[in-house]
Structure formats: structure tokens, C-alpha cells
Amino acid sequence: MIVSHNELVSVVNKAFLGMRRSCGEADVIANMVAGLQIVGLNGIGHFNNAAQFLTAEKDSPVDIFITNEGGLVVDLHGCSLACHLPVVIDYALEKMVGKKHLTIELKNCHNRWLAYNELVKLAAKGLACKAQWNNGSSPQNTLYILNQGCVSPELFLSDHLDLAGRTLHDMTIQLSVKNFDIAGYSAGYTKHIKSSSLNNAQRDTWYEGISVDEDEWEVLKRTATALLVENSEQSVKGAGELV
Amino acid sequence: MDARPSTCGGTYMRDPVTVMAPERLGAMHQNRISFVRSLIRKMAQQKWQVTKHDWQLSAEGFGHVIYKLTTLNHIYHLVIFCDEIADEDRNDRVIAEKWDVTFALVYGDVDVDLLSRLRTNVPLQEAGRNPNKVLVLARANKSVRVFEHLVSHLAKGQQPNAKELAEVGYILRTTAVYGNGKFGIADFGWLETTEDFNQSFSAQMCAVYILREFSLDWVHYLARQQGGDKAASLDLGLQRYLGIGNATGLGMAPYLINHPCVVDKWLSSRESALTAVLNAVVEVHKLAPLQHLLQKGLCHLEQIITINENQDDLNNTAITELHDLLTKLETLLIQSQTWSELVEYTSRYSLETQEIILSCLMEIYPALVDNYETKMNCDESLNLPSGKRIEDLLAVLESSYRWAIETDFKQPENNYWFWYRSQDKEEPRLGVRGEEPGEDRELPLDIGRQANRLYHALLICKPNMQLAEFLVLQPQYRAISRRVWTLGNKQMGEIQMNVLHKKSLPMHLLRCKLAVLGATKFDPRSERWVRVTFFQGAPLLNELHDGEWLFPLLPSNTLNQAVVEGEVS
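If you read the sequences in order, they're chains A and B.
Going left to right, the first sequence walks through residues 30 to 272 as our numbering numbers them.
Going left to right, the second sequence walks through residues 38 to 606 as our numbering numbers them.
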């Protein structure tokens with residue numbers, strides 16, 4: 030089925046608000062989901078996955094450590110990246126002042142696809158970005174490269190890479206003032222989603238609306254009802270009685 | 038008048054503390070750059086054409102009608118469905134499920150398949166699902182009294198009683214006009230890239246304007262059905278006098294809180310336009326048009342019939358004050374160098390009067406004002422730039438959020454209400470904290486309280502601490518920090534209102550938005566509901582012009598009749 034951008038953002042916003050979390054911003058998360066959905070990368074599905082655990086997750090700040098090389102190691106305590114990435118990126122940008130390169134190691138986190146839209150914003154700040162993560166299910170290996178001035182990233186997927194120190198709940202983000210060598214880093218990945226196809230998908234949604242899986246949409250809408258208050262005789266008057 | 042140096046041109050602009058005070062926003066009136074006015078100017082200047090494309094109504098007036106809109110760039114269709122409903126189903130609230138009229142503004146052609154899909158879905162409104170060729174989805178109910186009065190009189194070849202019309206001012210009353218992607222229709226993000234409806238709410242206003250034409254065509258059609266050759270056409274002056282009613286409730290208030298950049302842009306553009314006028318040198322030849330408009334405003338208030346005692350008192354006070362001003366106006370003009378001096382003098386009057394004066398002043402300077410009609414859209418993102426420290430955000434709070442940081446939220450009256458959404462069609466409602474259920478699902482509309490909490494959290498940190506570091510430790514403040522930084526650095530910023538306060542009046546928020554849209558005849562039905570009119574006094578479709586139509590008045594011939602009969606005070 031087709032939904033509008035505003036409709037999608039609005040429903041995710043309500044769904045997240047209904048979880049009553051301190052960490053995480055409903056409007057930012059709504060745009061994370063919409064940003065992924067409009068390029069055809071199942072933002073709603075990723076949010077629905079996250080929603081199953083969000084209310085039970087620890088709701089506290091991340092811990093950030095600075096390595097000897099000046100990089101950042103961030104412990105998310107098993108929480109969704111959606112709730113913490115913006116704060117981590119803000120902090121990383123401060124630490125990058127005067128540097129040409131910064132590595133952020135995100136540990137113990139979930140829902141890494143939802144980083145897509147926040148990382149896209151970095152291009153507007155004149156930075157190139159490379160992100161990598163591994164997963165227990167397909168696709169098992171994901172590489173995201175967004176060079177300076179680009180609107181969408183190059184995405185590389187694989188199920189067969191044998192990466193050293195492979196961990197399933199981490200993510201590595203590298204920020205740089207220089208562009209990354211796309212061909213070099215993507216060697217061995219079996220699937221390439223080109224930035225041009227992501228751009229086209231995004232452009233088409235303006236005209237055609239956003240295509241969503243009907244079942245996923247229903248799940249999302251159900252999640253959004255948690256914010257609603259039961260009707261009662263007293264509450265009916267709360268909208269102001271007509272005279 | 039409070040004033041502070043503006044950042045541009047060495048002119049003087051009113052302070053946000055003055056402009057964004059809820060009581061002043063709650064006294065606003067339509068002005069030249071209100072959306073209905075901009076739309077009609079554009080339609081007139083570009084010679085948009087509206088034709089009756091398909092008329093499929095039964096003798097009783099039920100069925101569908103399609104109007105075709107042709108602009109310089111494209112064609113659109115307004116598809117209107119008229120259904121028979123029981124009187125007890127006619128409800129203005131969002132929780133209603135049936136309406137006399139439902140309609141959709143559609144981009145491009147309407148073929149048989151699309152019409153069938155619209156027939157199935159448009160009457161269902163929120164419960165339906167429409168294609169994204171639909172730009173606007175809306176519904177309206179009859180003013181049964183005016184509708185029946187008009188049809189019965191016109192059918193007999195008689196003109197209606199002016200009093201009946203004056204009390205209401207419309208035939209149809211919209212109860213929701215949805216745009217911007219609601220329920221699957223087209224996003225404004227796309228419309229904004231088009232030539233015709235690239236201004237906020239212009240598509241919605243256009244749909245309502247064509248509906249006004251339909252409301253007149255509808256009563257004429259039914260009068261002919263009943264009266265045949267005997268049926269009369271409604272006096273042209275009365276046709277112009279009838280607009281489209283609108284009933285607006287609490288649901289509009291969260292829009293203004295959730296879209297602070299939009300509100301800032303609307304009020305900043307209006308204020309910039311006003312500033313250009315206030316800094317202009319007083320010209321004697323503007324006396325007559327200004328007198329004419331003030332007199333019109335005065336008569337408009339005299340003709341408004343409202344059951345709300347407070348609004349009635351405000352209107353009566355404004356009538357007295359406008360009389361006073363008119364007796365002194367010529368002398369005041371001679372004594373004033375610029376219009377700001379005249380406005381300085383009028384600060385002794387009520388806010389209602391002051392706002393009428395401001396609308397009149399903007400009206401007589403189209404060359405200074407109209408350019409701002411295209412400056413009402415904005416980027417809504419709330420951002421925190423890099424490199425900021427605690428002291429930077431504190432400075433913003435202390436300069437732009439004094440209304441919030443100086444409020445003691447430990448006092449129960451400052452925390453009295455909580456806002457929530459009901460399971461009943463997600464209708465926004467207010468509950469009393471500690472007394473009513475739902476507090477655990479409170480909506481985050483408490484911007485003042487959030488800013489206050491942020492302020493106190495910042496105060497206990499070192500002033501030179503990086504803001505990014507503070508937000509790693511206390512991420513719960515990132516959303517309000519982004520908002521405070523963004524709005525605190527805008528021209529007008531936030532509406533300076535603690536919406537949790539026991540005496541806060543959401544009505545001020547409703548009136549502000551309605552005035553920006555271009556509403557007239559404010560008639561509060563309770564503290565949280567207001568009825569207004571749109572396009573009352575506007576030119577009819579076949580006489581579109583880009584001239585003035587501020588403050589609707591009964592046409593003078595019918596007014597004379599009504600006064601003689603003692604029908605209008």
C-alpha cells in the first residue's frame with residue numbers, strides 16, 4: 030500500500046512517544062524510519078523490530094571512552110542505536126575538530142540500519158562516512174560509504190565475508206575529511222545498492238507516495254495506539270463542550 | 038509600543054515579548070497576507086478558471102458534483118459528495134462519522150475508476166484511503182437554518198431575511214480540511230515544488246473557496262427544483278456576504294506547538310510587513326482609505342452576533358474605541374511623522390482594537406506588504422550547531438525564554454492541565470492533572486516546563502562545558518535543546534504561553550492560526566471551540582479581483598432593510 034511521508038513520520042512519532050522513553054527523540058527517530066523507507070530499505074520493518082524491545086530496554090545514557098588513538102568507543106548497553114546515535118554523532122563532531130579522521134566503535138547496540146538517515150546528514154557537513162556492521166541473519170555483512178557531497182550512500186551487502194573479530198551487535202563508523210576508496214573497501218561484497226538507485230527511489234516517492242508492507246504498517250499503527258487514552262464520559266468533555 | 042532595533046535596515050520592529058504574547062495572538066484579524074487573501078490575488082492575477090464540470094444531484098440535492106479548476110500550469114477537480122444524514126448525526130467534532138458534504142481536491146483528471154474510488158472513500162474521511170492525487174480531503178455540514186431559509190425563500194421568488202444570514206454568515210460549515218499527506222493524500226513537500234499550490238494551506242483554501250461557490254449553486258439548484266420558473270437568484274451582495282463557516286476545536290492548538298518554526302515564520306513575515314508600514318512616513322492621502330477601513334471594521338463588529346459574552350464585550354469595547362479613534366484620526370495623522378507614532382498612540386486601546394488598526398494599516402500599503410505573501414514557508418528542522426557550550430544555550434534561554442524560566446512549575450496552577458489524545462479518533466483533549474486518567478500518556482506540549490527544566494539542569498554545569506558532552510550525560514534534554522537553540526535564534530520564536538497553566542486559553546492559539554489563514558467573524562462557542570467564516574465578503578468566482586475585501590459587511594441595501602426592521606443593532 031501507499032502512504033504519505035507526513036503520515037509515516039506522524040505515526041512513528043506517536044509510536045515512539047507512546048513508549049515513554051527518556052533517551053531518544055520522537056521526531057528524529059521518525060525521520061530515521063522515513064529516510065530508510067523512502068529509499069526502499071524497509072524502515073518500518075526495522076522500527077517494528079526495534080519496538081518489540083524498546084520498552085524493555087535500559088533507558089539510560091551511553092558510556093563513551095576515548096581510545097589512545099583519539100577514537101571513540103561507545104557502549105550502548107544493548108540498546109537501540111535509534112535512541113542514541115544523534116547524541117553520539119554530536120559528540121564525535123566536537124572531538125573531530127582539528128582532526129582529519131575519527132573512528133567510532135559502537136558496542137552492544139541494535140537496529141543499525143536506522144543509522145542510515147543520520148549518517149546521510151554528515152555529507153552536508155562536508156564529511157565522508159564509512160559504516161560497517163555484521164549481523165546474525167542475512168545480510169550478514171553491510172558496508173555503507175557516503176562520500177562528500179553525495180545525497181545517498183553506496184551500500185554493499187554480503188553473506189559470506191569472514192571478517193576478523195566479527196561481532197554481531199557492534200558497528201564501526203569512520204568519519205573523514207577525505208573521501209573513502211569505494212572500490213577498495215567494497216571488494217568481496219556480493220551485492221551493491223547504488224546511490225543512484227536510492228536517489229531514484231527517493232525522487233519517485235514524492236510523486237507516487239511511499240510504498241509500505243501492509244502488515245508492517247498495521248503493526249506500526251497498533252504500536253502508535255499505546256499513546257491514546259481510553260474514552261470516558263469525563264474525557265469527552267476534555268475537548269471542550271460545544272454550546 | 039514595545040520596540041527594539043531590528044537587525045536589518047536600521048528600522049524598528051516590535052519585540053517578540055509583545056508580538057508573541059498569547060492574548061495579542063488571540064486578538065489577531067485577517068490581513069493582506071493571510072492565506073485566503075494571497076490565494077484570491079493569485080487566482081485573479083493568473084486568471085484561474087473554475088467551471089461546473091459535472092452536476093449529478095437528485096431533485097433532493099443528493100449525489101455528486103465536480104468543479105474543474107484550470108490554472109496556468111495544470112488542471113484540478115473538486116469532487117463533492119452530498120449525502121442525506123440524520124440531524125442527530127450532524128456533529129462538528131472530529132469524532133463525527135457522517136457529514137452533509139464531503140469533498141476532495143484532485144490533481145489532474147478524474148476518470149470513472151478514480152471517481153468510483155473517491156465515492157467509496159471520501160465520505161468516510163479519516164476511515165477511508167485515498168490516492169495521492171488527492172491534495173485536500175475535507176467535509177462540511179449545513180447550517181440547516183440558513184440552508185432551509187434560503188431555499189424556501191428563493192423557491193418562492195423572495196430574497197431571504199438579512200438577519201438570518203447575518204447571524205450565521207455561511208451555508209456550509211467545514212469541520213476539518215485535511216492536506217499535507219493526511220490519510221495517504223499528497224504531501225505538501227511535493228506541492229511546495231509546484232507552481233500553483235506552493236504556499237502553505239493554499240490548496241486547502243482553494244478547495245474551501247470553490248466549496249463556497251458550490252454552496253450557492255446548491256441552494257439555487259434546490260430553489261429551482263422546488264419553485265421552478267418562480268425561483269429567484271440570491272441578491273449578488275448577499276452572495277458575496279456568505280462565506281464558508283468553520284468550526285475549530287482544541288485539535289488545532291497542538292499544531293501550533295508542534296510546528297514552532299512555521300509559527301515563527303508566519304508571525305515574522307507578518308511583523309516584517311507591518312514594520313515596513315510602520316516605518317513609512319505618514320501620507321495625508323492615506324487618511325481617507327484608512328478611515329474607510331476602520332469604519333468597515335467598526336461596522337463588521339457591530340454586525341457580528343456571538344453568544345460568547347466575553348467576545349461580545351471585546352467587540353463592544355473595540356466599537357467604542359474605533360469611534361474614538363475615528364474622531365481623532367485626522368489630527369493624529371497630522372501630528373505623526375511615521376505610522377509607528379500613530380500605533381504608539383493606539384496602544385491605549387484594547388488588543389482587539391489594536392489588531393484591527395494593524396490590519397487596516399497593512400491593507401493600505403499593498404506595495405510594502407504583498408511581497409511577504411511568498412515568505413510564509415520554512416524549513417522546520419530543529420538543529421544544534423557544533424561548538425556550543427552550556428553558557429551559549431543559557432544565554433538563549435535568558436533572552437528568549439524568560440516567560441518559561443521565570444515560571445514556578447512547583448505551583449499547582451502552572452501545572453494544572455495535561456494534554457492527551459483520546460482513543461476516540463485521536464481527538465486531542467485536556468485533562469486535570471491528578472484528577473483525570475491519562476497523565477501517564479501526556480503529550481509533550483509542555484514547552485515552557487521543558488525549557489524551565491533544561492535551564493535548571495544547565496545551571497548546575499560548568500558554563501564552558503561543551504553542550505554535546507552535557508547531552509551525552511543527559512540525552513533527555515536534546516530535543517528541547519534543539520528547539521530552544523533554533524527558536525531562540527529566530528526573529529519571533531515561540532508563542533510565549535505555558536499551556537499547562539490553569540487559566541491558559543487554547544482559544545488564543547486557535548484564533549492566531551485562523552487569522553493567519555484569513556478567518557473572520559470570530560464566534561467562540563466555548564473556551565475550546567470557535568466558529569469563524571472564510572471568504573465571507575470575498576469576490577465571487579465570476580468577478581475575481583485582487584482588491585481589498587477586509588471585514589465582511591452586509592450589503593447596504595439589505596442592511597438598510599434590517600436596520601429599519603430593528604434586526605441589526
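Glycine residues also receive a C-beta, built at the ideal position from the N, C-alpha and C atoms.
Next on the checklist: Taking the alpha-carbon of L248 (chain B) as reference, which of B:L591, B:L590, B:L369 and B:F572 has the nearest alpha-carbon?
Outcome noted: Numbered from 1 along the second sequence, position 211 holds the residue referred to as residue 248 (chain B). Ranked by how close their Cα comes to the Cα of L248 (chain B), the residues B:L591, B:L590, B:L369 and B:F572 have B:F572 in first place.
Checklist entry - Is Q513 (chain B) close to chain A, meaning its C-beta is less than 8 angstroms from at least one C-beta of that chain? => result Reading the second sequence from its first residue, position 476 is the one you call residue 513 (chain B). Taking 8 angstroms as the CB threshold, Q513 (chain B) lines the interface with chain A.
Checklist entry - What residues from chain A crowd round L12 (chain B), counting only those whose CB sits closer than 8 angstroms? => result Chain B is shown only over 38 to 606; residue 12 (chain B) falls outside these bounds and no answer can be derived.
Next on the checklist: Please classify E6 (chain B) as buried or exposed, where buried requires at least 16 neighbouring CB atoms within 10 angstroms.
Outcome noted: Because chain B is modelled from 38 through 606, residue 6 (chain B) falls outside the range shown and cannot be assessed.
Checklist entry - If you draw a straight line from the C-alpha of H296 (chain B) to the C-alpha of S459 (chain B), how long is it? => result Position 259 of the second sequence, counting from 1, holds the residue named residue 296 (chain B). Position 422 of the second sequence, counting from 1, holds the residue named residue 459 (chain B). If you take the alpha carbons of H296 (chain B) and S459 (chain B), they lie about 21 angstroms apart.
Checklist entry - Which residues, in order along the region 453-477 of chain B, keep a beta-carbon less than 8 angstroms from a beta-carbon of chain A? => result Those would be Y457, R458, S459, Q460, D461, E463, E464, P465, R466, L467, G468, E473, P474, G475 and D477, in chain order.
Next on the checklist: Looking at the secondary structure, which residues open and close the beta strand (DSSP E) in which R608 (chain B) lies?
Outcome noted: Limits of chain B in this structure are 38 at one end and 606 at the other, which puts residue 608 (chain B) out of reach.
Checklist entry - Using the beta-carbon of each residue, which ones in chain A are nearer than 8 angstroms to E222 (chain B)? => result Position 185 of the second sequence, counted from the first residue, corresponds to residue 222 (chain B). This sequence places Ile at residue 222 (chain B); Glu is not what is there. Per Cβ cutoff of 8 angstroms: S33.
Next on the checklist: In this structure, how does DSSP classify M200 (chain A) when only helix, strand and coil are distinguished?
Outcome noted: The count along the first sequence starts at 1 and reaches residue 200 (chain A) at position 171. In the structure shown, M200 (chain A) sits in a strand (DSSP, three-state: E or B).
Checklist entry - Going along the chain, which residues of the region 219-243 of chain B sit with their C-beta nearer than 8 angstroms to a C-beta in chain A? => result Sequence-ordered contacts of the region 219-243 of chain B with chain A read K219, F220, G221, I222, A223, D224, F225, G226, W227 and T230 [C-beta pairs closer than 8 angstroms].
Checklist entry - Which bits of chain B does I93 (chain A) rub up against, with CB to CB less than 7 angstroms? => result Here the question's residue 93 (chain A) lines up with position 64 in the first sequence. Ordered by position in chain B, the residues that pass the 7 angstroms Cβ test against I93 (chain A) are V509.
Next on the checklist: On the DSSP bridge list, what partners appear for A177 (chain B)?
Outcome noted: Within the second sequence, residue 177 (chain B) is the residue found at index 140, counting from 1. Beta-bridge pairing links A177 (chain B) to B:V138 and B:T211.
Checklist entry - If we ignore side chains and look at the alpha-carbon of each, how far apart do D477 (chain B) and G47 (chain A) end up? => result Start at 1 with the first residue of the second sequence, and residue 477 (chain B) comes out as number 440. Start at 1 with the first residue of the first sequence, and residue 47 (chain A) comes out as number 18. Answer to the nearest angstrom: the Cα atoms are 10 angstroms apart.
Checklist entry - Does any CB atom of chain A fall closer than 8 angstroms to the CB of R249 (chain B)? => result Walking along the second sequence from the start, residue 249 (chain B) turns up at place 212. At a cut-off of 8 angstroms between beta-carbon atoms, R249 (chain B) makes no contact with chain A.
Checklist entry - Is L135 (chain A) close to chain B, meaning its C-beta is less than 8 angstroms from at least one C-beta of that chain? => result Taking the first residue of the first sequence as 1, we reach residue 135 (chain A) at position 106. For L135 (chain A), the closest Cβ of chain B is not nearer than 8 angstroms.
Checklist entry - Are the beta-carbon atoms of L65 (chain A) and L143 (chain A) separated by less than 8 angstroms? => result In the first sequence, counting from the first residue as 1, residue 65 (chain A) sits at position 36. In the first sequence, counting from the first residue as 1, residue 143 (chain A) sits at position 114. Yes. Within cutoff.
Checklist entry - Thinking just about the alpha-carbon of each residue, which of B:A317, B:D233, B:T55 and B:K84 is nearest to the one in E580 (chain B)? => result For the purposes of this step, residue 580 (chain B) is identified with residue 543 of the second sequence, where counting begins at 1. Ranking the options by Cα distance to E580 (chain B), first place goes to B:K84.
Item to check | Per-residue burial, H608 (chain B) [other beta carbons within 10 Å of its own, 16 or more giving buried] | outcome: The structure shown does not extend to residue 608 (chain B), since chain B is modelled only from 38 through 606, so no value can be given for it.
Checklist entry - Do you know whose CA, among B:R69, B:Y113 and B:S189, lies nearest K267 (chain B)'s CA? => result Looking up residue 267 (chain B) in the second sequence gives position 230. The residue among B:R69, B:Y113 and B:S189 with its C-alpha nearest the C-alpha of K267 (chain B) is B:S189.
Checklist entry - What distance in whole Å lies between the Cβ atoms of A244 (chain B) and L359 (chain B), which are believed to be in contact at a cut-off of 8 angstroms? => result Taking the second sequence and counting its residues from 1, the one referred to as residue 359 (chain B) is at position 322. Taking the second sequence and counting its residues from 1, the one referred to as residue 244 (chain B) is at position 207. At roughly 34 angstroms, the Cβ-Cβ gap does not stay under 8 angstroms, so L359 (chain B) and A244 (chain B) are not in contact.
Checklist entry - Which residue or residues does DSSP assign as beta-bridge partners of G100 (chain B)? => result Taking the first residue of the second sequence as position 1, residue 100 (chain B) is located at position 63. Under DSSP, G100 (chain B) takes part in a beta bridge, and its partners are B:L94 and B:C119.
Checklist entry - So who's on the other strand from R426 (chain B), going by DSSP bridges? => result The residue you call residue 426 (chain B) lines up with position 389 of the second sequence. Answer by DSSP bridge pairing, in chain order: B:Q503.
Checklist entry - Cα separation between R426 (chain B) and V509 (chain B)? => result Residue mapping note: residue 426 (chain B) aligns to position 389 of the second sequence, counting from 1. Residue mapping note: residue 509 (chain B) aligns to position 472 of the second sequence, counting from 1. Cα atoms of R426 (chain B) and V509 (chain B): separation of roughly 13 angstroms, rounded to the nearest angstrom.
Next on the checklist: Contact criterion: CB-CB distance below 8 angstroms. Does A96 (chain B) meet it with respect to chain A?
Outcome noted: Counting from 1 along the second sequence, the entry for residue 96 (chain B) is found at position 59. Not closer than 8 angstroms to any Cβ of chain A, the Cβ of A96 (chain B) fails to qualify, so no.
Next on the checklist: Less than 8 angstroms between CB atoms is the rule here; does S51 (chain A) satisfy it with respect to chain B?
Outcome noted: Start at 1 with the first residue of the first sequence, and residue 51 (chain A) comes out as number 22. True, the Cβ-Cβ gap to chain B drops below 8 angstroms.
Checklist entry - Name the DSSP bridge partner or partners of V569 (chain B)? => result Position 532 of the second sequence holds residue 569 (chain B). Residue pairing by DSSP places V569 (chain B) opposite B:N283 in a beta bridge.
Next on the checklist: Give me the DSSP bridge partner(s) of Y144 (chain B).
Outcome noted: As a first step, residue 144 (chain B) is located in the second sequence; it is residue number 107 there, counting from the start. Beta-bridge pairing links Y144 (chain B) to B:Y113.
Checklist entry - Using Cβ-Cβ distances below 8 angstroms, what residues of the region 224-239 of chain A are close to chain B? => result Taking 8 angstroms as the cut-off between beta carbons, the residues of the region 224-239 of chain A near chain B are W235, Y236, E237 and G238, in sequence order.
Item to check | Contact list for Q177 (chain A) against chain B, beta-carbon separation under 9 angstroms | outcome: Taking the first sequence and counting its residues from 1, the one referred to as residue 177 (chain A) is at position 148. Within chain B, not a single residue places a beta-carbon under 9 angstroms from that of Q177 (chain A); the smallest gap is close to 17 angstroms.
Next on the checklist: Three Cβ pairs or more, each shorter than 8 angstroms: is that satisfied between the region 34-47 of chain A and the region 85-96 of chain A?
Outcome noted: No: fewer than three Cβ pairs fall under 8 angstroms.
Item to check | Interfacial residues, the region 109-127 of chain B to chain A, with Cβ spacing under 7 angstroms | outcome: Taking a C-beta cut-off of 7 angstroms against chain A, none of the residues of the region 109-127 of chain B qualify.
Checklist entry - Which bits of chain A does R69 (chain B) rub up against, with CB to CB less than 8 angstroms? => result Counting from 1 along the second sequence, the entry for residue 69 (chain B) is found at position 32. Going along chain A, no residue has its Cβ under 8 angstroms from R69 (chain B), so there is no contact; the nearest lies around 29 angstroms.
Next on the checklist: At the level of alpha carbons, what is the spacing between V149 (chain A) and R568 (chain B)?
Outcome noted: Position 120 of the first sequence, counting from 1, holds the residue named residue 149 (chain A). Position 531 of the second sequence, counting from 1, holds the residue named residue 568 (chain B). Straight-line Cα distance between these residues: approximately 45 angstroms.
Checklist entry - In chain order, what residues of the same chain lie with their CB nearer than 7 angstroms to the CB of Q86 (chain B), ignoring the 5 residues before and after it? => result Within the second sequence, numbered from 1, the residue matching residue 86 (chain B) stands at position 49. Around Q86 (chain B): T107.
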